[in-house]
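First up is the structure itself, then whatever we jot down about it.
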Ligand SMILES: [Ca+2]
Ligand SMILES: [Ca+2]
Ligand SMILES: [Ca+2]
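Numbering (the numbering used here), first residue to last: 290 to 662.
So, in structure tokens, the structure goes:
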């Protein structure tokens, strides 16, 4: 069963429960519903692949910049939506009959972490049930409250540490719930941005921004935003590897600015990239043999101008003797030898110019009378 399918089942479940709740009300009904939710979560987990579960774990606590895992031999925790502190989802221990149900992550000290947690009580309530928070497998604190609370803990020892939340039911009973894990830190994230993979010119103002971002072992990059002028910014949005972006309209040099924000609220430096918008075709001219009316030599000299104003500049040209078949694009040059057909006649040489943004000019031409030698 894929993540999407699991999500759909969970959404249906929540809706059904809401209806039942409003119909029947009452604490007992709510507690039965909670138990039902836990059983459903357990079933969903069984049907989910291990990979999907690992991905969901980080989503549940909102910390996908670090690994979340179930210690070998332990009963898993799983993501579910009916019970959460952030209103989105949270990790919940799965039903067990006495075995340890736990979830684990790792972090580098010294550091300070915080998280929200609570116990979903059993029906009927079992006294003494609770979650233990352990650092490097040493218990730090125990929580048996059925109300959400935030716990903050500092680790002074440098190096890697394991953080574990373990629920020990004495019999099939309640569950531990964990949400909003946060590394409390003040280090700004870093990142990078390139417009159209670093191209220097573009024909249109609709570009693609390529992005990288990094927060080390910190709270993790959670948002990004953009600006064309450095004062008006787009709204903060979820980070991604690429982003479609509209530059300030018209031709000219354009700068895009990007910023990244981590979960602890630290905002990165402004990262910029530049690109020139050139949506205007070049103009030009051609003269055969400096404008001479006739020649008896089929090898003529073309004098060429290619103008692009403040645009990206003329880089290419191509020729045609009949206006239908064109030669390949070649480097622009101010003069070029050109060989006319051998038969004496009037001949028109046509030329087109192309700028660096690949805008193609109109057709310019000149003609000459080729005489018999
Ligand atoms: Ca959550
Ligand atoms: Ca940070
Ligand atoms: Ca141009």
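We put the CB at the ideal spot given by N, CA and C, even for glycine.
In this structure, residue 544 keeps its C-beta atom at 8 Å or more from the C-beta atom of residue 574. Our two residues, residue 598 and residue 562, have alpha carbons roughly 23 Å apart in a direct line. If you keep only unbroken beta strand (DSSP E) runs of at least 3 residues inside the region 339–391, you get 366–369 and 379–382. Straight-line measurement puts the Cα of residue 549 at about 13 Å from the Cα of residue 499. Per DSSP, the beta-bridge partners of residue 453 are 393 and 423.
Runs of beta strand (DSSP E) with 3 or more residues, each lying fully within the region 576–646, are found at 588–596, 603–609, 624–628 and 634–644, listed in chain order. The Cβ atoms of residue 552 and residue 601 lie no closer than 8 Å to each other. Ranking 380, 517 and 386 by CA distance to the CA of residue 409 puts 380 first. In the DSSP assignment, residue 536 forms no beta bridge with any residue.
Of the candidates 349, 596 and 652, 652 places its Cα closest to the Cα of residue 610.
In the DSSP assignment, residue 541 falls within the unbroken beta strand (DSSP E) covering 541–551. The Cβ-Cβ distance between residue 403 and residue 440 falls below 8 Å. Residue range 495–503 is occupied by the beta strand (DSSP E) that includes residue 503. Rounded to whole angstroms, residue 488 and residue 547 show a C-alpha spacing of 17 Å. Checking the DSSP bridge columns, you'll see residue 432 partnered with 420. Nearest in C-alpha terms to residue 519, of all of 492, 558 and 505, is 558. The alpha-carbon of residue 431 is positioned some 25 Å away from that of residue 377. Counting every other CB atom within 10 Å of its CB across the protein chains shown gives residue 635 a total below 16, marking it as exposed.
The region 445–459 makes contact with the region 416–433; the number of CB pairs closer than 8 Å reaches 3 or more. Around the CB of residue 508, 16 or more other CB atoms lie within 10 Å, so the residue is classed as buried.
Annotation for residue 541: 565, 566 and 599 place their beta carbon closer than 8 Å to its own, counting only its chain and skipping 5 residues before and after. One Cα belongs to residue 374, the other to residue 570, and the distance between them is close to 57 Å. No Cβ-Cβ contact shorter than 8 Å links residue 371 with residue 418. DSSP places residue 468 inside the beta strand (DSSP E), whose first and last residues are 464–472.
Judged by pairs of C-beta atoms under 8 Å, the region 578–596 does not touch the region 463–475, as fewer than three such pairs exist.
Taking 8 Å as the cut-off, the Cβ atoms of residue 468 and residue 350 count as close. One Cα belongs to residue 615, the other to residue 596, and the distance between them is close to 21 Å.
Judged by DSSP secondary structure, residue 659 falls within the beta strand (DSSP E) whose first and last residues are 653–659. For the 8 Å CB-CB criterion, residue 577 and residue 484 do not form a contact. The Cβ-Cβ distance between residue 537 and residue 517 falls below 8 Å. Using a Cβ distance threshold of 8 Å, residue 437 and residue 394 do not count as a contacting pair.
In this structure, the straight-line span from the alpha carbon of residue 579 to that of residue 627 is close to 13 Å.
In terms of Cβ geometry, residue 646 and residue 407 do not form a close pair [threshold 8 Å].
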